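For the sequence shown, my numbering begins at 55 and goes up steadily by one.
Think of the CB as a built atom: it goes at the ideal place given N, C-alpha and C, for glycine as much as any other residue.
Only a predicted model underlies this, so the values are computations on that prediction, with no experimental measurement involved.
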Amino acid sequence: MLHFRDRQPIVHILTLDRTLATDVYERLGEHPGMESVGLIRPAEGKAEITVADLADLVKETTSSRVLVIDVRRQTKGRLQGVYSDVIRYNRPDFNRYCYSVLIGDGPVGFLDPAQHAQVVPPFLADLRVDYSPAAFFTNPFLHYSYDETQYQAIYEHSALPTNVPRRLQRYFRKGNVTVEQICRYWRAADVPEGLKESKRIHREKRLRQLCLKITQDEFPQDVDQLAKAMTKEGYGLVGESLRVHLYPFFFPEWVLDLLKKAASAAHT
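Rendered as structure tokens:
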């Protein structure tokens with residue numbers, strides 16, 4: 055097997071979603087300890103990211119120590135070929151010289167309280183086999199109902215949705231809130247530099263309260279267990295090694311820790 059030990063402190067962000075790419079880029083770039091890390095977004099300077107843009111980055115990923123991969127249902131199918139190539143090039147180095155961190159939604163059926171606990175283990179097992187991830191982060195604001203995803207596929211040519219899922223709109227005072235608006239708000243993108251960190255911490259506390267409220271409303275019987283996804287350790291299921299984390303809680307910390315582990319392995 056071909057190994058790429060001469061990797062650099064670089065993070066590749068692989069997604070078709072410009073909003074997610076920007077959120078990951080900004081969060082990592084502003085995190086203490088990441089000042090010398092190279093952050094690579096696809097199609098830099100372009101309004102829209104295409105499959106071809108990601109394909110152009112495949113061989114470049116062998117130079118990076120962390121790959122952040124968007125595995126939500128709306129994009130995974132379109133990127134299956136690209137992701138297969140990325141994994142093929144990097145798998146011999148995964149969890150030693152290079153680490154993959156996944157961001158996605160969740161399995162079909164998860165929003166159904168009667169079956170959500172049953173559909174999670176096989177979903178995580180598939181991710182673990184396909185991507186050899188060090189961590190999986192689920193984002194509730196990217197998790198759309200089956201009806202919503204079908205509508206997007208049929209009537210919107212599978213375009214990525216811009217608004218927050220319908221079931222979550224009621225938690226915001228302003229109607230038709232976009233994902234970009236909430237991403238900018240939670241990371242305090244609108245706040246002057248000197249006040250940004252304190253404001254971000256304050257808003258993250260509010261986001262935690264909101265996520266607990268959503269969990270209480272949707273899965274009251276499992277709120278204590280699912281709340282563990284907002285810790286750095288994440289939420290673990292019996293018999294499954296891949297744990298569930300809630301984006302963006304402790305996301306930069308995880309990426310930084312993995313960069314250090316990869317660097318340490320390269321020098322031993």
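When rounded, the separation of the alpha-carbon atoms in Arg-127 and Arg-254 is 29 angstroms. Under the three-state reduction of DSSP output, Asn-193 falls in the coil class, being neither helix nor strand. In the DSSP annotation of this structure, the continuous segment of the alpha helix (DSSP H) that includes Ile-141 starts and ends at 134 to 144.
Listed in chain order, the beta strand (DSSP E) runs fully inside the region 84 to 141 are 92 to 94, 118 to 124, counting runs of at least 3 residues. For Pro-175, the enclosing alpha helix (DSSP H) has its first and last residue at 170 to 185. Contact between the region 147 to 160 and the region 179 to 194 is established, with three or more Cβ pairs separated by less than 8 angstroms.
Of the residues His-57, Pro-219, Asp-107, the one whose Cα lies closest to the Cα of Ile-67 is Asp-107.
Each of Val-162, His-256, Val-140 was checked against the Cα of Leu-178, and the nearest Cα belongs to Val-162.
Where Arg-257 is concerned, the enclosing alpha helix (DSSP H) starts and stops at 247 to 272. In the three-state DSSP reduction, Thr-232 falls in the strand class (E or B). Per the C-alpha coordinates, the member of Asp-110, Leu-249, Met-88 positioned closest to Glu-98 is Asp-110.
According to DSSP, Glu-294 shares a beta bridge with Leu-291.
The beta carbon of Ala-101 sits closer than 8 angstroms to the beta carbons of Arg-72 from its chain, once the five residues preceding and following it are set aside; these are given in chain order.
With respect to Val-65, Val-120 sits close: the two C-beta atoms are nearer than 8 angstroms. The beta carbons of Thr-232 and Val-218 sit closer together than 8 angstroms. Taking all protein chains shown into account, Leu-56 has fewer than 16 neighbouring C-beta atoms within 10 Å of its C-beta and is therefore exposed.
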